[in-house]
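Notes follow the structure.
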Amino acid sequence: MNTGERFIELWTDYLEGELDESGMAELQALVAEDDRFVQMAADSYQMHRLLGLVAQDSASRQDEFVCETLARLPADDEHFVDGVMQHLSQKAARENAVARHRFAKGPLAIAAAAVIALIAGLYFLRPIVERPIAKVAGLNGSLQWTGDGGRVRYDLSAGTKLPGGTIEGLTPGSWFELEFIDGSTVAISGNSTLTFSDYGQKKLYLKEGTVSGNVKPQPAGKPMLIYTRSAVLEILGTQFKVEAGLSATTLNVREGKIRVKRLSDGNTVDVPTQHRVTATADQEMRPAPVPDASTRWKSQLHLGPEGAYGKWSPRTATQDAKLRAIPYTIPEGFTVYVAGLGISRGDTPPVNLEPGCRLRVRGHMALSHEVYFGVTVRYMGGGFAGKFQTMRPAVEFPGGEDFEVLLDLQDFRLDPTLVEIQDKLPSTPFHLVLESVWCHTLDQPSGLEITEVELLPPTTSVNPAPTAPLLPPIVDIWAATSQGDLKTIKRHLAAGANIDAAFVAPGVLASGATPLHMAVVSDQREVARFLINQGANINAPAQDEYGGTPLHWAAVLGRVEMTRLLIDAGANVNVIDENGYTPLDATTLEYFSESKYRLEIAELLRESGGEQKQSEQE
Amino acid sequence: MMPRKALTNGLSLDDAIRRVRNGHTDAFEVVVRRLERPLRAWLAVQAPPGVDVDDVAQRSFVAAFARLTDYELGTDFAAWLFTIARFHLKTEVSRLRRIADYHVRYAPDLLQRELERRSSEPPQLQQARLDHLQTCVGQLGEHLRRFITWRYVEEIALDEMAVRCGRSVAAVKKQLWQLRRKLHKCVQNRMATEGESS
Chain A
33 MNTGERFIEL WTDYLEGELD ESGMAELQAL VAEDDRFVQM AADSYQMHRL LGLVAQDSAS
93 RQDEFVCETL ARLPADDEHF VDGVMQHLSQ KAARENAVAR HRFAKGPLAI AAAAVIALIA
153 GLYFLRPIVE RPIAKVAGLN GSLQWTGDGG RVRYDLSAGT KLPGGTIEGL TPGSWFELEF
213 IDGSTVAISG NSTLTFSDYG QKKLYLKEGT VSGNVKPQPA GKPMLIYTRS AVLEILGTQF
273 KVEAGLSATT LNVREGKIRV KRLSDGNTVD VPTQHRVTAT ADQEMRPAPV PDASTRWKSQ
333 LHLGPEGAYG KWSPRTATQD AKLRAIPYTI PEGFTVYVAG LGISRGDTPP VNLEPGCRLR
393 VRGHMALSHE VYFGVTVRYM GGGFAGKFQT MRPAVEFPGG EDFEVLLDLQ DFRLDPTLVE
453 IQDKLPSTPF HLVLESVWCH TLDQPSGLEI TEVELLPPTT SVNPAPTAPL LPPIVDIWAA
513 TSQGDLKTIK RHLAAGANID AAFVAPGVLA SGATPLHMAV VSDQREVARF LINQGANINA
573 PAQDEYGGTP LHWAAVLGRV EMTRLLIDAG ANVNVIDENG YTPLDATTLE YFSESKYRLE
633 IAELLRESGG EQKQSEQE
Chain B
545 MMPRKALTNG LSLDDAIRRV RNGHTDAFEV VVRRLERPLR AWLAVQAPPG VDVDDVAQRS
605 FVAAFARLTD YELGTDFAAW LFTIARFHLK TEVSRLRRIA DYHVRYAPDL LQRELERRSS
665 EPPQLQQARL DHLQTCVGQL GEHLRRFITW RYVEEIALDE MAVRCGRSVA AVKKQLWQLR
725 RKLHKCVQNR MATEGESS
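Heads up: the protein sequence lines correspond to chains A and B, in order. Numbering-wise, our numbering comes out as the position in the first sequence, counting from 1, plus 32. Numbering-wise, our numbering comes out as the position in the second sequence, counting from 1, plus 544.
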């Protein structure tokens with residue numbers, strides 16, 4: 033290794049904080065002997081620092097910086113004022129002692145008063161600053177935060193510091209967790225509206241919806257207070273879940289003890305661990321043990337729209353009560369049509385999801401369209417545990433007809449929008465409390481209505497809903513992939529087809545291909561993107577004698593854009609096939625595609641760190 | 545806090561300073577919003593390792609606020625602020641130098657000297673560099689930009705990056721070095737082109 037290469041290695045280690053003392057000494061010596069290295073180091077260092085700045089260059093980071101800076105102004109003033117006041121009081125004390133012997137001098141007293149007035153003036157002229165009191169610990173779905181003065185923000189992200197305000201969940205799938213400076217966390221889910229503040233005492237106002245919390249011990253005499261329309265809750269430090277409606281508040285305590293005061297009559301009760309209470313004007317407020325969970329649940333839309341999201345219509349002589357999906361346009365610009373139902377609410381027993389549980393959904397579609405079905409789940413203690421969903425193809429929802437679908441919860445996958453925090457969430461919805469069920473269509477109003485949702489426990493036998501017959505999955509997917517027929521592929525996957533199953537037919541060209549290989553062969557990039565997003569193994573070897581990955585195939589076939597797509601999606605650029613070839617080696621196979629494409633692919637692979645193993649061995 | 549646009553759109557820096565002096569201290573937010581980016585950019589490239597750039601920037605603003613009556617309206621407030629920041633940075637660097645093993649732990653001495661030499665560059669230059677850098681990053685292919693995202697946004701470890709891209713840690717280090725060089729050249733070219741056209 034020459035000195036240039038050694039310098040690069042040491043310098044990169046230095047920037048990554050991985051350089052030890054001997055390495056630092058070596059680096060010092062290298063830069064001392066060649067001024068070019070000093071220049072390169074300084075260039076690289078400045079670029080490194082600017083990149084750090086570009087990465088955090090966002091409106092929220094600017095807000096944060098401004099908030100922090102402004103917060104330091106009054107802090108410094110306070111320090112200044114406090115210091116002077118302390119000095120003055122000592123001085124005043126000394127002067128008081130002297131005054132016992134002689135009268136205070138008039139002009140001095142006036143001057144002191146003027147100084148105090150000036151300081152007091154300075155104090156009250158401090159800028160009015162919103163100090164961050166908490167940060168966003170996690171969020172998902174559509175949310176809106178409103179700060180003082182009506183400032184509205186939708187662009188919240190994990191880590192955003194907030195100075196109090198009101199957070200609103202805008203859809204049944206919304207979730208938001210807030211972490212206060214002392215580590216206490218509270219979370220809302222679904223259509224909930226929570227105002228929070230902390231002026232020495234945390235105060236939360238739950239207008240409607242659900243809030244759960246894990247609260248650290250609070251300062252003596254300053255418990256966290258949660259106000260609802262019907263009660264005030266006093267929390268010293270515990271795990272809990274509160275649900276507020278127009279006339280009732282239901283509290284579940286997992287750990288600790290919470291004092292609940294009913295506003296209508298001032299009646300107060302303490303709710304201990306694993307107990308719940310409902311505060312409402314028309315029933316006795318007595319804590320009771322949290323009831324055992326159930327694995328069966330059925331909607332009762334005919335009783336009213338409470339807990340429902342969508343446009344509710346009552347039962348008539350000719351039709352059942354129903355809930356129609358209503359549009360919600362996400363700030364990113366697209367519209368979802370959502371209907372949803374809250375479950376495990378009020379004083380009903382919590383509903384648990386267990387393996388084998390299924391959901392039966394009945395409803396009506398005006399226009400045929402694919403439909404997404406989802407569940408939001410929480411932990412027993414109340415914390416958000418994720419959203420899981422599945423998609424059913426349009427063929428199951430003929431336009432102008434009623435439908436009934438039976439959904440196996442085994443097929444539900446974590447909502448893709450939660451992928452960034454998937455490590456913190458369970459991988460299945462099982463053994464968790466069902467918070468809500470929802471369904472939606474994307475982009476087009478298709479008149480989705482639901483009339484009944486039922487959770488069936490594992491042992492229930494049902495007559496499966498009739499579906500159109502499917503061809504053997506892999507044959508059908510093969511054909512569909514080459515034609516870019518996403519609907520058929522989705523239908524098979526929804527029906528449980530293995531996304532990585534290879535189609536093996538010796539003698540047939542491209543035998544051994546997984547669906548992703550097939551997408552490469554037919555250059556169907558949209559299909560490839562979909563398969564990857566659905567979890568297809570991007571590095572799957574073909575089930576043939578060569579075992580090439582989709583990237584090998586893209587390189588051999590000269591698929592430039594497909595190669596780029598696979599690299600961007602994280603394909604291993606140095607994976608070796610059964611011949612010992614890397615994808616870069618595969619670009620040297622001349623008889624499959626034009627050289628200009630292979631050269632372009634080779635460049636792409638090299639840029640991404642691709643290496644040529646075969647030539648090295650030879 | 546007032547809506548950001550309402551504040552920043554309406555007032556010039558001198559107007560804002562005048563308002564602060566007249567007791568409307570919340571108008572200082574305009575000053576901070578207007579100048580935080582160039583100040584942080586300038587500090588980021590001048591400060592040797594170990595210096596908390598945001599802290600120095602905030603202390604500079606606080607000092608400017610405290611001495612606002614010293615500022616002569618109609619002159620260049622940004623230049624005045626940068627002078628304060630230069631002083632604060634120098635103080636911080638002096639403090640760090642007094643830490644016995646600072647050079648061993650944090651910064652090659654020659655790098656620090658080179659940064660000091662470069663600190664005489666006009667502060668506005670770094671704001672321009674930052675703007676060009678954003679454009680240059682935007683022009684990278686996604687397969688390269690992901691390294692920037694991993695390293696500077698997600699701040700994940702090198703071995704995690706290696707797993708994600710299916711390459712060795714050594715290859716990832718090399719890639720980061722090449723990327724910084726590539727972006728440096730891109731920024732320099734854009735600055736040169738801009739200089740020629742102006």
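All residues carry an ideal CB built from backbone N, CA and C; glycine is no exception.
Query: Under a three-way DSSP split, which group does A/Y237 fall into?; Result: strand
Query: Which of helix, strand or coil does DSSP assign to B/P547?; Result: Low per-residue confidence applies at B/P547: pLDDT is 35, beneath 50, and the placement is therefore not dependable enough to give any value.
Query: Just the Cα atoms here: how many angstroms apart are B/L723 and B/L677?; Result: 12 angstroms
Query: Grouping DSSP H, G and I as helix and E and B as strand, with all else coil, what is A/F416?; Result: strand
Query: Does DSSP classify A/Q421 as helix, strand or coil?; Result: strand
Query: Rounded to the nearest angstrom, what separates A/G642 and A/D600 at their Cα positions?; Result: 13 angstroms
Query: In chain order, what residues of the same chain lie with their CB nearer than 6 angstroms to the CB of A/P323, ignoring the 5 residues before and after it?; Result: P381
Query: B/S638 lies in the alpha helix (DSSP H); which residues open and close that run?; Result: F621 to R641
Query: Which residues of chain A have a Cβ atom closer than 7 angstroms to the Cβ of B/E580, listed in chain order?; Result: Q94, F97 and V98
Query: Counting contacts by CB-CB distance shorter than 8 angstroms, is A/Q60 in contact with chain B?; Result: yes
Query: Identify the contact partners of B/R584 in chain A, using a Cβ-Cβ distance below 7 angstroms as the criterion.; Result: L85
Query: Taking 8 angstroms as the cut-off, decide whether the C-beta atoms of A/R424 and A/F416 are in contact.; Result: no
Query: Compare the Cα-Cα distances from A/L355 to each of A/E316, A/V368, A/T367 and A/A340 and report the closest residue.; Result: A/A340
Query: Determine which residues share a DSSP beta bridge with A/T178 and list them.; Result: A/V184 and A/T198
Query: So, at 6 angstroms on beta carbons, what are the nonlocal neighbours of A/T483 in its own chain, with the 5 sequence-adjacent residues on each side left out?; Result: D352, K354, R394 and G395
Query: Nearest to B/V707 by alpha carbon, out of A/N604, A/R328 and A/V383?; Result: A/N604
Query: If we call anything under 8 angstroms between Cβ atoms a contact, is A/G84 one with B/Y615?; Result: no
Query: Under 8 angstroms between C-beta atoms, does B/G594 make it to chain A?; Result: no
Query: Counting only beta-carbon atoms, is A/R104 nearer than 8 angstroms to chain B?; Result: yes
Query: Less than 8 angstroms between the C-beta atoms of A/S229 and A/G201, yes or no?; Result: no
Query: Where do the N-terminal and C-terminal ends of the alpha helix (DSSP H) with A/W585 fall, by residue?; Result: P582 to L589
Query: Between the beta-carbon of A/A280 and the beta-carbon of A/T312, is there less than 8 angstroms?; Result: yes
Query: Checking the sheet assignment: what are the DSSP bridge partners for A/Y16?; Result: Only positions 33 to 650 of chain A appear in this structure, which leaves residue 16 of chain A out of reach.
Query: If you measure between the beta carbons of A/G336 and A/S468, is that distance less than 8 angstroms?; Result: no
Query: Distance, Cα to Cα, B/T619 vs B/A571?; Result: 19 angstroms
Query: Starting from the beta carbon of A/G191, find every residue of chain B whose beta carbon is closer than 7 angstroms, and list them in chain order.; Result: Those do not exist, as A/G191 stays about 11 angstroms from chain B at its closest Cβ, beyond 7 angstroms.
Query: Any residues in the region 602 to 635 of chain A with a beta carbon nearer than 9 angstroms to a beta carbon of chain B? Which ones, in chain order?; Result: G602, A603, N604, V605, N606 and V607
Query: Might you give, ordered along the chain, the residues of its own chain that have their beta carbon closer than 8 angstroms to the beta carbon of A/H463, omitting 5 neighbours on each side?; Result: N384, L385 and E386
Query: So which residues of chain B does A/M79 contact, with C-beta pairs closer than 7 angstroms?; Result: R724, L727 and H728
Query: For the alpha helix (DSSP H) containing A/K293, name the first residue and the last one.; Result: Here A/K293 belongs to no alpha helix (DSSP H); instead the beta strand (DSSP E) covers I290 to R294.
Query: In terms of alpha-carbon separation, which member of A/P359, A/D302, A/A357 and A/S331 lies closest to A/R392?; Result: A/S331
Query: Could you check whether the Cβ of B/D598 sits closer than 8 angstroms to any Cβ belonging to chain A?; Result: yes
Query: Would you report the Cα separation of A/L194 and A/G372, rounded to the nearest angstrom?; Result: 29 angstroms
Query: Could you tell me the boundaries of the beta strand (DSSP E) in which A/I220 lies?; Result: T217 to D230
Query: According to the Cβ coordinates, are A/I290 and A/L257 closer than 8 angstroms?; Result: no
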